[in-house]
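Chains as they are written, first to last, in the working numbering: chain A, 44 to 353; chain B, 730 to 1018. Even for Gly, the Cβ is constructed at its ideal location relative to N, Cα and C. Bear in mind the structure is a predicted one, so any value in this text is a computation, not a measurement. Since the structure comes first, as structure tokens, the remarks are kept for the end.
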Ligand code: SF4
Ligand code: SF4
Ligand code: SF4
Ligand code: SF4
């Protein structure tokens, strides 16, 4: 079983649009929506839910007001300002560190389990999918991402799928690391903006740290061709193949409005721009599939990345 | 008055709105609270100088006093301490600085030291705008600490515009909990609307009044507008889906600079926000609208 993760330094790059497009091109694939903060893939793929499971996060303090004498010791010891004046707990500030439970002379504080989100398995028209729903104010932890990936592997086993397609979370923090560790290939999506190159560099730093073969793709390259050239130059220097340059096109929104992937949308469109866009995505996917099946390349990529200073 | 600019997700134009609004007004302050990836200054290009180092406490074990009882490692909820047969080992990046280990140590062997996890910077005093940003060191997890320190630099006598972090987790809530008004930037597409609802839920949880900026207006449909009308949420501004604006953005140029007609629109938006905030405050204190 192979795993491909699609990431971008930031949100709004078109990551989900591309993942959805790939899902309609690939066969025998499980989808894993690891963008648990704002899970958008289900909006296009309309999953039918099979199973939901709670994910427990850090615990939450709770004060038994019948035992509490209002001495205020917990308020003084809590470093996160989570104990409010009326001796209730602000759930958004409490880090579940448990210091208040040992500080309270009356034993009035205890820790309660706290559900940080749900992991969901579903069936979509393009195959099984694992995704998540995060509770408001809960951290998009690596833990939830890891649970989604685990669920995806289970689904892949059950339905004998050969590939797991991971829609990664934005940023370069802990959730992204959880989304890319142990994958066979990472596709970094970039945009020709002042922050685009910066974000790409950070993403590549991360993948080379984990020694994962990396390829790149520029979205909306024609918004700023000069910046696109800078991105190309960076990829060349870093030894990363730039597999595609996608133009700025209305098809991405139009397809989204109809809750279709760009591939599905283009199949019924007479707009040449839309068809062209879909063809670029098709070629991109063909390139990726080739790389995923060619395991001998993996070694080579890791080496280039190792020698390179980020 | 403190105005948070937020959105359920990155890439919706939050920074664009924050920067352009700040540049269109006189005598305001701008705070970039997206401490993991502060982007505002890419558009402002100010010379920045450090003003404060943000620190977090972490334990240091005095091996002379430590009896290796293991209490501290047992207590730590974040697995930042491990009790080895001959030594207590600390993993600094996992430590939240809660102080629990020093509290439970019977031998008084835990001393707390501080380590830097980020920095607060400000634009040099001759800059045209009062601008501050917080930067979290790579690999650190305590974004909220940096945000809290940053917000302490707000001068209460002037309006403050706060560029919030993306998402709906703790860092955003730290900003929203502090704000008098929240501007949600969104676009009227299925993704945009979905992420908008998540952000709205967060703002509601903290009881902050909300207004909407429709970005890339013209794209998509009217679902956000219909929703806002039904819920009585004001639409403060529409930024059209304009290639010129997209291009200026890609170059890192705030579009009010090149398209002066927008200055007035942002000023109007600010007037609406002021009005809405006063209304919300009156509602809070009297219970009637
Ligand atoms: S568990 Fe920790 S963060 Fe939560 S209230 Fe107690 S001391 Fe504060
Ligand atoms: S320390 Fe215990 S008794 Fe004192 S105020 Fe807190 S909960 Fe109440
Ligand atoms: S300060 Fe808190 S988080 Fe850090 S090691 Fe001690 S108990 Fe663990
Ligand atoms: S609690 Fe104190 S004495 Fe016990 S192992 Fe930890 S540092 Fe050592």
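**Prompt:** Going along chain B, which residues have a C-beta under 7 Å from residue 259 of chain A?
**Reply:** The premise fails here: residue 259 of chain A is roughly 17 Å from chain B at the closest Cβ pair, so nothing lies under 7 Å.
**Asked** Using a Cβ-Cβ distance under 8 Å, would residue 299 of chain A count as near chain B?
**Response** Under the Cβ criterion of 8 Å, residue 299 of chain A is counted among the residues facing chain B.
**Item:** Where residue 329 of chain A falls: helix, strand or coil (DSSP)
**Value:** For residue 329 of chain A, the secondary structure class from DSSP, reduced to helix, strand or coil, is helix.
**Prompt:** Should the region 891-903 of chain B be regarded as contacting the region 753-770 of chain B, the criterion being three or more beta carbon pairs within less than 8 Å?
**Reply:** Because the criterion of three Cβ pairs below 8 Å is met, the region 891-903 of chain B and the region 753-770 of chain B touch.
**Prompt:** Hey, would you say the C-beta of residue 796 of chain B is under 7 Å away from at least one heavy atom of ligand 4?
**Reply:** Correct: residue 796 of chain B has its Cβ closer than 7 Å to ligand 4.
**Item:** Complete alpha helix (DSSP H) runs within the region 295-320 of chain A (minimum length 4 residues, chain order)
**Value:** Whole alpha helix (DSSP H) segments, 4+ residues: 305-310.
**Asked** Mind listing which residues of the region 133-154 of chain A have their C-beta closer than 7 Å to chain B's C-betas, in chain order?
**Response** Of all residues in the region 133-154 of chain A, 135, 138, 139, 140, 141, 142, 145 and 146 have a Cβ within less than 7 Å of some Cβ in chain B.
**Asked** Any idea what DSSP makes of residue 149 of chain A, helix, strand or coil?
**Response** DSSP places residue 149 of chain A in coil when its eight states are reduced to three.
**Prompt:** If you draw a straight line from the C-alpha of residue 345 of chain A to the C-alpha of residue 257 of chain A, how long is it?
**Reply:** Confidence is the limiting factor: at residue 345 of chain A the pLDDT is only 43, short of 50, which leaves the residue's position unreliable, though a coordinate-based value still follows. Residue 345 of chain A and residue 257 of chain A have their C-alpha atoms some 9 Å from each other.
**Prompt:** Is the region 772-785 of chain B in contact with the region 836-854 of chain B, if contact means three or more CB pairs nearer than 8 Å?
**Reply:** Because the criterion of three Cβ pairs below 8 Å is met, the region 772-785 of chain B and the region 836-854 of chain B touch.
**Item:** Selection from B:893, B:750 and B:743 that minimises the alpha carbon distance to residue 989 of chain B
**Value:** Comparing Cα positions, the closest option is B:750.
**Message:** Just to confirm my understanding: we take residue 947 of chain B, look at its own chain, exclude 5 residues before and 5 after, and list those with CB closer than 7 Å. What are they?
**Reply:** Sequence-distant Cβ neighbours of residue 947 of chain B in its own chain, meaning closer than 7 Å and more than five residues away, are 969 and 970.
**Prompt:** In whole angstroms, what is the alpha-carbon distance linking residue 299 of chain A and residue 871 of chain B?
**Reply:** The alpha-carbon atoms of residue 299 of chain A and residue 871 of chain B are separated by roughly 36 Å.
**Request:** Give a yes or no on whether the minimum CB-CB distance between residue 852 of chain B and chain A is below 8 Å.
**Result:** Not an interface residue.
**Message:** Suppose the cutoff is 8 Å on Cβ atoms and the five residues either side in sequence are ignored; what does the same chain contact list for residue 861 of chain B look like?
**Reply:** Around residue 861 of chain B: 758, 759, 760, 761, 780, 849, 850, 851, 852, 879 and 882.
**Item:** beta-carbon residue 838 of chain B near ligand 3 non-hydrogen atom, thresh 7 Å
**Value:** Checking the Cβ of residue 838 of chain B against ligand 3 gives no.
**Prompt:** Cβ of residue 283 of chain A versus every heavy atom of ligand 2: is any distance shorter than 7 Å?
**Reply:** Between ligand 2 and residue 283 of chain A, a heavy atom-to-CB distance of less than 7 Å is absent.
**Asked** Are the C-beta of residue 53 of chain A and some C-beta of chain C separated by less than 8 Å?
**Response** Looking at the structure shown, chain C is missing, and the protein chains on hand are A and B.
**Prompt:** Would you say residue 828 of chain B touches ligand 2, meaning its beta carbon is less than 7 Å from a heavy atom?
**Reply:** Result no, Cβ not under 7 Å from ligand 2.
**Request:** Compute the minimum distance between the beta carbon of residue 124 of chain A and the heavy atoms of ligand 2, and state whether it is under 7 Å.
**Result:** No, since every heavy atom of ligand 2 falls outside the 7 Å radius drawn around the Cβ of residue 124 of chain A.
**Prompt:** Looking only at DSSP bridge pairs, what is residue 892 of chain B linked to?
**Reply:** Residue 892 of chain B is bridged by DSSP to B:734 and B:761.
**Request:** Following the continuous beta strand (DSSP E) through residue 172 of chain A, name the residue where it begins and the one where it ends.
**Result:** Counting along the chain, the beta strand (DSSP E) containing residue 172 of chain A begins and ends at 170-177.
**Those residues which DSSP pairs with residue 940 of chain B across a bridge** = In DSSP, residue 940 of chain B forms a bridge with B:912.
**Prompt:** When we look at the beta-carbon of residue 348 of chain A and count the other beta-carbons within 10 Å, is it buried (16 or more) or exposed?
**Reply:** Its pLDDT being 45, under 50, residue 348 of chain A is placed unreliably in this model, and the coordinates cannot settle the point.
**7 Å Cβ shell around residue 266 of chain A - same chain, five flanking residues per side excluded** = If we look at residue 266 of chain A and ignore the five residues flanking it on each side, its Cβ neighbours are 235 and 291.
**Coil, strand or helix - residue 273 of chain A by DSSP** = For residue 273 of chain A, the secondary structure class from DSSP, reduced to helix, strand or coil, is helix.
**Item:** Residues that DSSP places opposite residue 288 of chain A in a beta bridge
**Value:** Beta-bridge pairing links residue 288 of chain A to A:261.
**Message:** Using a 10 Å radius around the Cβ and a threshold of 16 neighbouring Cβ atoms, would you call residue 112 of chain A buried or exposed?
**Reply:** Under the 10 Å beta carbon count, residue 112 of chain A is surrounded by fewer than 16 other beta carbons and is classified as exposed.
**Request:** Please go through the same chain and pick out, in chain order, the residues whose beta-carbon is closer than 8 Å to the beta-carbon of residue 191 of chain A, but skip the five residues on each side of it.
**Result:** Cβ contact annotation for residue 191 of chain A (same chain, cutoff 8 Å, sequence separation greater than five): 75, 76, 77, 79, 162, 173, 174 and 175, in chain order.
**Message:** Short of 9 Å Cβ to Cβ, which residues in the region 254-285 of chain A face chain B?
**Reply:** Within the region 254-285 of chain A, those residues whose Cβ lies closer than 9 Å to any Cβ of chain B are, in chain order, 263, 266, 267, 269 and 270.
**Request:** Please confirm whether any heavy atom of ligand 4 lies closer than 7 Å to the CB of residue 81 of chain A.
**Result:** Relative to the non-hydrogen atoms of ligand 4, the Cβ of residue 81 of chain A never comes closer than 7 Å to any of them.
**Residue(s) in a DSSP beta bridge with residue 205 of chain A** = When DSSP reads this structure, residue 205 of chain A sits in no beta bridge, so it has no partner.
**Prompt:** Should residue 102 of chain A be listed as close to ligand 2, given that the test is whether its C-beta is under 7 Å from any heavy atom?
**Reply:** False, no ligand heavy atom lies under 7 Å from that Cβ.
**Asked** Under a Cβ-count criterion, where at least 16 other Cβ atoms within 10 Å of its own Cβ denotes burial, should residue 788 of chain B be classed as buried or exposed?
**Response** Buried.
**Prompt:** From residue 333 of chain A to residue 228 of chain A, what does the alpha carbon distance come to, in whole angstroms?
**Reply:** In a straight line, the C-alpha of residue 333 of chain A is about 11 Å away from that of residue 228 of chain A.
**chain B contacts from the region 231-243 of chain A (Cβ-Cβ distance under 9 Å)** = The residues in question are 234, 235, 236, 237, 238, 239, 241 and 242.
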